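In my numbering, the protein residues as written are 129 to 427. For every residue, glycine included, the Cβ atom is placed at its ideal position computed from N, Cα and C. Model, not experiment: these values are computed from the prediction.
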């Protein structure tokens, strides 16, 4: 998925720790914070030069947010990591070298907001592409991060109860949520394909876990990225096709040409069933076009 959530727990004083979790378009943390961003991605192409992003505080308390652009790269396993954090990964250098950053050509306002419960803020984004920009797809990620409130520090009373040689800390849960902002210069979206389909059972799964997985490789060709939803339908001999699984918001960015995807299935599939897998446009407003498809006969 291409909308990324990065919850952060800061030990205010001397210690900080970053925790990375899967991408969601909606994020929650303790203390009543509840952050949402819309849309899930922005694409500038053709003559488009401006757009808006909505930041929502769905929580029960006021919260302050900082907004910035961060360059992130996609690794072959599908992880999306900040360039500054990716250098320890063996696959990162090739992805970083292939990334075309849009950060310096994107202007936006405001850069910091405070929202009460239920309030929203429009972030206005403008593309200032330089003259003679080479053809290609450029990208950076608008990142909205919660800021600690003014009363989160360690109090004098708390310090008074700390013995000599001990460290006084206070853990505060913060959030960081980002969306990709893409600039297509004289190129279109890439062309997707599905390959290497296989069913992987999930034995002994709990009731709230997938019964099985469909593993596949999502391929990309062309200069642009691909983005869409994966749908899985199963059909028994002589029966009707039924939806058995899927995953939304799957992308392959230009720095890689394929990635492994694991699609959770709501039930086990058995020998003799025919699986139909579709990669479709992420379009909530109407019927989505099928961008790629493949099938698998379960044995």
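Item	Value
Backbone CA spacing between residue 411 and residue 334 [nearest angstrom]	32 Å
Same chain, Cβ closer than 6 Å to residue 273, five either side skipped, listed in chain order	194, 304
Beta bridge counterpart(s) of residue 354 as assigned by DSSP	380
beta-carbon residue 406 near the ligand SAH non-hydrogen atom, thresh 6 Å	As for the ligand SAH, it is missing from this structure, which has no ligand bound.
Cα-Cα separation, residue 167 to residue 307	8 Å
Reduced DSSP category for residue 150 - H, G, I as helix; E, B as strand; rest coil	Legend: pLDDT at residue 150 = 31, less than 50; position of this residue unreliable, value from coordinates given subsequently. It is coil, neither helix nor strand.
Expected contact under 8 Å - CB spacing of residue 388 and residue 205 to nearest Å	6 Å
Limits of the unbroken alpha helix (DSSP H) element including residue 223	220-226
Residues near residue 404 in its chain [Cβ-Cβ closer than 6 Å; skip 5 each side]	361, 423
Reduced DSSP secondary structure (H/G/I, E/B, other) of residue 231	helix
Top-ranked residue by Cα proximity to residue 425, from 256, 342, 352, 378	342
Span separating the alpha-carbon of residue 408 from that of residue 347	14 Å
Cβ-Cβ separation, residue 394 to residue 373 (assumed contact under 8 Å), whole Å	6 Å
Same chain, Cβ closer than 8 Å to residue 258, five either side skipped, listed in chain order	233
Identity of the residue in 321, 315, 329, 169 nearest residue 392 by Cα	329
Every unbroken alpha helix (DSSP H) inside the region 257-282 [4 residues or more]	none
Rounded C-alpha distance that separates residue 386 from residue 310	19 Å
Spatial distance of residue 177 from residue 253 (CA atoms)	8 Å
Helix, strand or coil at residue 359 according to DSSP, with G and I counted as helix	strand
When 379, 368, 186, 418 are compared against residue 402, the one with the closest alpha-carbon	368
Cut-off 6 Å between Cβ atoms - residues of its own chain near residue 150, not counting five sequence neighbours on either side	Below a pLDDT of 50, predicted positions are generally treated as unreliable, and residue 150, at 31, falls in that range; the measurement from the model is reported next regardless. For residue 150, where only same-chain residues beyond five positions count, there are no Cβ hits under 6 Å.
Segment limits, beta strand (DSSP E) that includes residue 243	240-243
For residue 425, the first and last residue of its enclosing beta strand (DSSP E)	418-425
Euclidean distance between Cα positions of residue 317 and residue 173	10 Å
C-beta contact flag for residue 165 and residue 183 at 7 Å	yes
Length of the line joining the Cα atoms of residue 235 and residue 197	9 Å
Spatial neighbours of residue 214 in its chain, beta-carbon cut-off 6 Å, leaving aside the 5 residues before and after	201, 220
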